[in-house]
Amino acid sequence: MPMNEWLNGDSVGWLWVDVQEVQAKSQSVHDLDGLRKLTSEVDSRVQTALEPLFAKGQVPILIGGGHNNAYPLLMAAAKAGGPLHALNFDPHPDVRALEGRHSGNGFSYAKAAGALDRYAVLGLSEHGVNEASLSALKETKDWTYETYESWGIRGEQSLDQARERLLQHVQVGRFGLEVCADGIASCPSSAMSHVGWSWMDVAETAYRAGQTGQCTYLHLAEASVGLARPSEQMALAKSVAYSAIQFIRGCQNLPW
Numbered sequence: 001m002p003m004n005e006w007l008n009g010d011s012v013g014w015l016w017v018d019v020q021e022v023q024a025k026s027q028s029v030h031d032l033d034g035l036r037k038l039t040s041e042v043d044s045r046v047q048t049a050l051e052p053l054f055a056k057g058q059v060p061i062l063i064g065g066g067h068n069n070a071y072p073l074l075m076a077a078a079k080a081g082g083p084l085h086a087l088n089f090d091p092h093p094d095v096r097a098l099e100g101r102h103s104g105n106g107f108s109y110a111k112a113a114g115a116l117d118r119y120a121v122l123g124l125s126e127h128g129v130n131e132a133s134l135s136a137l138k139e140t141k142d143w144t145y146e147t148y149e150s151w152g153i154r155g156e157q158s159l160d161q162a163r164e165r166l167l168q169h170v171q172v173g174r175f176g177l178e179v180c181a182d183g184i185a186s187c188p189s190s191a192m193s194h195v196g197w198s199w200m201d202v203a204e205t206a207y208r209a210g211q212t213g214q215c216t217y218l219h220l221a222e223a224s225v226g227l228a229r230p231s232e233q234m235a236l237a238k239s240v241a242y243s244a245i246q247f248i249r250g251c252q253n254l255p256w
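Counting in the working numbering, the sequence shown runs from 1 upward without gaps.
Structure, rendered in structure tokens:
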């Protein structure tokens, strides 16, 4: 992506969180408790890397890794400015039981720790959410959702309408935008599907979130260049980068 009048690279920095050692260690761990402890180790490394950025008022864009990283993101952001809200563009709510850390319970752990307040899931899969998670979304104060099928199948509303309602719900204060590649049609990820939304939907959502002036971070999780065919790897990387750039542009182009 070139630097020009629409994107000034001087305002963008780079940071790498090295978890190769943890990944290598996981190859010899075969019990759930051991793997969940390794996930907690990743939590610690990610949170430690992010805390100084939030403390300086910078806006992290976290790319790659699993959706387990939502928890350390929320924890780091909350340490700097108190509890915050989250909008998750994702077919799965990731609010499973507090049974040891994994990618399916980042938001329930953040809620239990006092880091997460309001929570909204955009694109919840009516056929991919278990009863316990659905009950948590319905019964927890200030948690809400819009299902993918409500706009993508039945046409009861548009994506724009669903997105706007949920943005209004979370932008009453600081919030983080979470995007899981599992919901992007045909995107190589840990739970790839040919059903879902497009990268353009993601880019527009990132732009709209940035324009609220309240979005404190963007998290693009689960997209895996390594799982893509060689001929598609460049296109996937460009799609991720394009979405991140639209978030930056949204943050720059506030409507007031």
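For every residue, glycine included, the Cβ atom is placed at its ideal position computed from N, Cα and C.
From a predicted model like this one, the values you see are computed outputs, not experimental measurements.
It is roughly 27 Å from the alpha-carbon of residue 31 to the alpha-carbon of residue 225.
Taking residue 17 as the centre and dropping the five residues before and after it, the same chain places the C-beta of 45, 46, 49 closer than 6 Å to its C-beta, in chain order. In the DSSP annotation of this structure, the continuous segment of the alpha helix (DSSP H) that includes residue 151 starts and ends at 148–152. Between the alpha carbons of residue 164 and residue 29 lies a distance of about 44 Å. A distance below 8 Å separates the beta carbons of residue 91 and residue 182. Leaving aside the five residues that flank residue 63 on each side, the residues in its chain whose CB is nearer than 7 Å to its CB run, in chain order, 220, 240, 244. A straight-line Cα-Cα distance of about 8 Å links residue 247 and residue 208. Shown here, residue 39 sits in a helix according to DSSP, grouped into three states. When only Cα atoms are considered, residue 84 and residue 153 end up about 32 Å apart. Assignment of beta-bridge partners to residue 73 by DSSP yields no partner. Secondary structure at residue 139: helix, using DSSP grouped into helix, strand and coil.
Judged by DSSP in its simplified three-state form, residue 199 adopts helix.
Exposure of residue 252 is indicated by the presence of fewer than 16 other C-beta atoms within 10 angstroms of its C-beta.
Listed as beta-bridge partners of residue 119 by DSSP are 86, 143. The alpha-carbon separation between residue 79 and residue 106 amounts to approximately 16 Å. Under the three-state reduction of DSSP, residue 97 is assigned to coil, being neither helix nor strand. The alpha-carbon of residue 93 is positioned some 7 Å away from that of residue 129. DSSP lists 4 as the beta-bridge partner residues of residue 7. Counted as a single uninterrupted DSSP element, the stretch harbouring residue 166 is not any beta strand (DSSP E) but the alpha helix (DSSP H) occupying residues 159–170. The closest CA to that of residue 143, considering only 203, 57, 134, 149, is found on 134. When secondary structure is reduced to three states using DSSP, residue 59 falls in the coil class, being assigned neither helix nor strand. Distances from the alpha-carbon of residue 122 to those of 2, 189, 184, 145 put 145 closest.
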